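In mature numbering (1 follows the signal peptide of the UniProt record, and there is no 0), the protein residues as written are -22 to -1, 1 to 167.
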Amino acid sequence: MMRSYLSAGLLFVAVATTPARADDIVDAIEQGRKAYQSGDMTAAKQSLDLASQLIAQKNAEGYATVLPEPLSGWKADKAQTSAVGAAVFGGVSAATRTYTNAKGDTVEISISGDSALLMQFAPMLNNPAMAGALGKLIRIGNQRAVQNPDGDVMMIVANKFLINVQGTADSASKVAYAQAIDIAKLSKL
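Here it is as structure tokens:
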């Protein structure tokens, strides 16, 4: 009996003094490193792909934090996040939120990043002559944006993020929502 108390006590001490488990990203990277060092390239790639996917998911969650609260007279759905692996368009992390007013008008904001495709698209939007071919150039704070004939707004932030503001609402509402995005915080992600 004394032995079982002693065993239980030692187990409790071992659990209580074990350092907190690292996060899933660090674990996946470490598993990939160990697999690589042991020569198991398949397991190394799978672990590092998992780490990459987990990082993309974490990025998407960060994007969701810069989506604005509903403006006066509007309500919003919960922000949705997604992360598509590198096999599709070089990988994309995104956050989207839809806002609705009493008349049923909608505004949807999406923020995308982590995409090789975006990096190819950014120079076009950053060049005023080329961007002007897509629509009317406008300013959203310090950002240059393009507004198409439907009033949808598109802008590139920090050469890493694509913001789209679209929906059935009028142009002024779409611009107001574009202005409500925390661009400074997004730039730091």
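Where a beta carbon is used, it is the ideal one built from N, C-alpha and C, also for glycine. Quick caveat, the model's predicted, so the values are computed rather than measured.
Could you name the residues of the same chain whose beta carbon sits closer than 8 Å to that of residue i, not counting the 5 residues immediately before and after it, in chain order?
| i | result |
| --- | --- |
| K163 | T43 and V44 |
| I48 | Note on identity: in this sequence residue 48 is Pro, with Ile being the wrong assignment. Counting only Cβ-Cβ distances below 8 Å, and skipping sequence neighbours, we find A54 and Y77. |
| M19 | A13 |
| E39 | T59 and A73 |
| G119 | Q157 and I161 |
| I33 | I3 |
Could you have a look at residue i and say whether DSSP puts it in helix, strand or coil?
| i | result |
| --- | --- |
| A156 | helix |
| K166 | coil |
| A21 | helix |
| residue 168 | Lying before the first or after the last residue shown, residue 168 is absent from the chain, which here runs from -22 to 167. |
| A42 | helix |
| L28 | helix |
| A150 | helix |
| D1 | coil |
| N37 | helix |
Tell me the DSSP bridge mates of residue i?
| i | result |
| --- | --- |
| N142 | S88 and M132 |
| K12 | Answer by DSSP bridge pairing: none, since K12 is not bridged. |
Could you round the C-beta distance between residue i and residue j to whole angstroms and report it? I think they count as a contact, below 8 Å.
| i | j | result |
| --- | --- | --- |
| D83 | A147 | 4 Å |
| I87 | I161 | I87 to I161, Cβ: 12 Å. No contact. |
| N104 | S71 | With 8 Å as the limit, N104 and S71 do not qualify as a contact, their Cβ atoms being about 21 Å apart. |
| V85 | V143 | 6 Å |
| P46 | A150 | The pair is not a contact, with the Cβ atoms about 15 Å apart (cut-off 8 Å). |
| A80 | G51 | 7 Å |
| N126 | G113 | 4 Å |
State yes or no: is the C-beta of residue i nearer than 6 Å to some heavy atom of the ligand ATP?
| i | result |
| --- | --- |
| L164 | Although the ligand ATP was asked about, the structure shown includes no ligands whatsoever. |
Within 7 Å of any Cβ in chain C, is that where the Cβ of residue i sits?
| i | result |
| --- | --- |
| D148 | Looking for chain C here will not work: only one protein chain is present. |
To which residues of the same chain is residue i closer than 7 Å at the C-beta, ignoring the five residues directly before and after it?
| i | result |
| --- | --- |
| A115 | Rather than Ala, the amino acid found at residue 115 in this sequence is Leu. Closer than 7 Å at Cβ, skipping near neighbours: P106, A109, R122 and V124. |
| A136 | S165 |
| I134 | A100, L103, N104 and L140 |
Using a Cβ-Cβ cutoff of less than 6 Å, which residues in the same chain neighbour residue i once the five nearest sequence positions on both sides are dropped?
| i | result |
| --- | --- |
| V4 | none |
| G10 | A22, S25 and L26 |
| Y14 | A22 |
| M102 | M108 |
| L96 | L140 |
| V62 | V70 |
| M7 | In the sequence as displayed, the identity of residue 7 is Ile instead of Met. Counting only Cβ-Cβ distances below 6 Å, and skipping sequence neighbours, we find A29. |
| A57 | A42, L45, A73 and R75 |
Which runs of the alpha helix (DSSP H) at least 4 residues long sit entirely within the segment 60 to 132? Give them in chain order. You should have 94 to 104 and 106 to 110.
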